[in-house]
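In full-length UniProt numbering, the protein residues as written are 1 to 237.
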Amino acid sequence: MFEPIKGARAFEEVAERIKKQIFDRVLNPGDRLPPETQMASQFQVGRQTMREALRLLEMSGLITIHKGGGGGAFINDAIHYTISDLFLDAYRMHKVTLKDLTEARMEVEKLVLDHVLERIQENDLARLKKNVAQAKARIDQGEMATEENVEFHRIFAAASQNFVYVIIMECLMAANAKILSKGGVTLETSARVVQSHQDLLEAIEQKNGPSAHELISEHLLDVEKRLLSAGRKKQVD
1 MFEPIKGARA FEEVAERIKK QIFDRVLNPG DRLPPETQMA SQFQVGRQTM
51 REALRLLEMS GLITIHKGGG GGAFINDAIH YTISDLFLDA YRMHKVTLKD
101 LTEARMEVEK LVLDHVLERI QENDLARLKK NVAQAKARID QGEMATEENV
151 EFHRIFAAAS QNFVYVIIME CLMAANAKIL SKGGVTLETS ARVVQSHQDL
201 LEAIEQKNGP SAHELISEHL LDVEKRLLSA GRKKQVD
């Protein structure tokens, strides 16, 4: 899989080789790298050099290292990971406010909605309906539908058929989710989000642009209230 490394600062070259495979999509998000000893053997470097290379990749946000059984080095979705962290860092440094995040997300979602109304396909509608059904089932079981609610927005953005919007939406959603994880999501609010997604889906299916825009505005104003509440309770770690 990997070729031997020669020269000084070998750990940087190892990191660059792995990075190239990520960018060339030989390695994809979620893939697990071979064991450390195996990669060290393939690159013909020491284990310490291999550890330093992996540490460099982890610091860059390209991989996540899990300890223990079933652990290892896993490839991240680097674009989303890095940009969403920039938003969070800006928030921590008080360069970006919660209102800024919500305002940006509202404007982006409205732009995405315009494209979705024009371009959405039957398979997109089917995926959104399945998502809402799964979310409702989770709520009925007394569980929060956090993952399903985030996935709804991914499918929604993908239906715009513009990958730039998908990236921007992913990053804004990730930043919002990190803040809300500190407090602001309850079973009641999760159920309310599911219902708003159901209403939005119906408006999109009926090609009712004004109603869909109004629903998105109402939904994101509710998100803003919860973000402000969560932000007051705890700072983001």
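Built from N, CA and C at the ideal position, the CB exists for glycine as well.
Cβ neighbours of residue i in the same chain (closer than 6 Å, five flanking residues each side left out)
{"i": "His-219", "result": "Ser-196"}
{"i": "Val-112", "result": "Ala-157, Ser-160, Tyr-165"}
{"i": "Thr-49", "result": "Ala-10, Phe-11"}
{"i": "Leu-172", "result": "Arg-105"}
{"i": "Arg-32", "result": "Gly-72, Phe-74"}
{"i": "Val-108", "result": "Ile-168"}
{"i": "Glu-36", "result": "Met-50"}
{"i": "Gln-21", "result": "Leu-27"}
{"i": "Ile-65", "result": "Glu-58, Ala-73"}
Where residue i sits in the DSSP three-state scheme
{"i": "Gly-72", "result": "strand"}
{"i": "Arg-9", "result": "coil"}
{"i": "Thr-37", "result": "helix"}
{"i": "Arg-32", "result": "strand"}
{"i": "Gln-235", "result": "With a pLDDT of 48 at Gln-235, under the threshold of 50, the modelled position of this residue cannot be trusted; read the value that follows with caution. Gln-235: coil per DSSP, three-state reduction."}
Contacting residues, own chain, Cβ-Cβ under 7 Å from residue i (five flanking each side not counted)
{"i": "Glu-52", "result": "Phe-11"}
{"i": "Thr-189", "result": "Arg-226"}
{"i": "Ala-145", "result": "Ala-135, Arg-138, Ile-139, Ser-190, Val-194"}
{"i": "Val-116", "result": "Phe-156, Ala-159, Ser-160, Ile-204"}
{"i": "Leu-215", "result": "Ser-196, Asp-199, Leu-200, Ala-203"}
{"i": "Lys-127", "result": "Note on identity: in this sequence residue 127 is Arg, with Lys being the wrong assignment. Result list for Arg-127: Ile-155, in chain order."}
{"i": "Lys-110", "result": "His-213, Ile-216"}
{"i": "Leu-125", "result": "Glu-205"}
{"i": "Ala-90", "result": "Val-96"}
Distance between residue j and residue i (C-alpha atoms, nearest Å)
{"i": "Val-236", "j": "Arg-92", "result": "Note on Val-236: pLDDT 43, under 50, position unreliable in the model; the coordinate value appears next. Distance between the alpha carbons of Val-236 and Arg-92: 7 Å."}
{"i": "Glu-143", "j": "Val-185", "result": "12 Å"}
{"i": "Phe-74", "j": "Lys-130", "result": "29 Å"}
{"i": "Leu-56", "j": "His-94", "result": "28 Å"}
{"i": "Leu-54", "j": "Gly-46", "result": "13 Å"}
{"i": "Glu-170", "j": "Arg-154", "result": "7 Å"}
{"i": "Leu-27", "j": "Ile-63", "result": "11 Å"}
{"i": "Glu-122", "j": "Val-132", "result": "15 Å"}
{"i": "residue 264", "j": "Phe-152", "result": "The structure shown does not extend to residue 264, since the chain spans only 1 to 237, so no value can be given for it."}
{"i": "residue 246", "j": "Asp-24", "result": "The chain is shown from 1 up to 237; residue 246 falls before or after that span and cannot be answered."}
{"i": "Leu-88", "j": "Ala-174", "result": "9 Å"}
{"i": "Glu-58", "j": "Gln-38", "result": "19 Å"}
Beta carbon proximity, residue i to chain B, threshold 7 Å
{"i": "Arg-119", "result": "Chain labels in this structure do not include chain B; a single protein chain is all it has."}
Top-ranked residue by Cα proximity to residue i, from the options
{"i": "Gly-61", "options": "Gly-69, Met-39, Ser-84, Gly-71", "result": "Ser-84"}
{"i": "Asn-70", "options": "Leu-27, Pro-34, Glu-16, Glu-118", "result": "Going by the sequence as given, residue 70 is Gly instead of Asn. Of the candidates Leu-27, Pro-34, Glu-16, Glu-118, the one whose C-alpha sits nearest the C-alpha of Gly-70 is Pro-34."}
{"i": "Gly-30", "options": "Lys-20, Glu-147, Asp-77", "result": "Asp-77"}
{"i": "Asn-208", "options": "Asp-124, Val-150, Ile-179, Glu-118", "result": "Glu-118"}
{"i": "Ile-179", "options": "Gln-141, Gln-121, Val-96", "result": "Val-96"}
{"i": "Phe-141", "options": "Phe-163, Lys-19, Leu-187, Asn-176", "result": "The identity of residue 141 in the sequence shown is Gln, whereas the question assumes Phe. Among Phe-163, Lys-19, Leu-187, Asn-176, the Cα nearest to that of Gln-141 is on Leu-187."}
{"i": "Asn-176", "options": "Ile-120, Ile-22, Glu-13, Leu-221", "result": "Leu-221"}
{"i": "Pro-210", "options": "Asp-124, Leu-125, Asp-114", "result": "Asp-114"}
{"i": "Ser-41", "options": "Asn-162, Ile-120, Val-14", "result": "Val-14"}
Own chain, CB closer than 8 Å to residue i, minus 5 neighbours either side, in chain order
{"i": "Glu-224", "result": "Leu-98, Lys-99, Thr-102"}
{"i": "Leu-149", "result": "Before going on, a small fix: residue 149 reads as Asn here, not Leu. So the qualifying residues of the chain are Ala-135, Ser-190, Val-193, Val-194, His-197."}
Handout entry: Start-end ranges of the alpha helix (DSSP H) lying completely within the segment 94-152, minimum 4 residues
Key = Fully enclosed alpha helix (DSSP H) runs of 4 or longer: 98-119, 122-140.
Exercise for the section: Write down every uninterrupted run of the alpha helix (DSSP H) in the segment 182-210 whose length is 4 residues or greater and which is fully enclosed by it, in chain order. Expected result: 187-205
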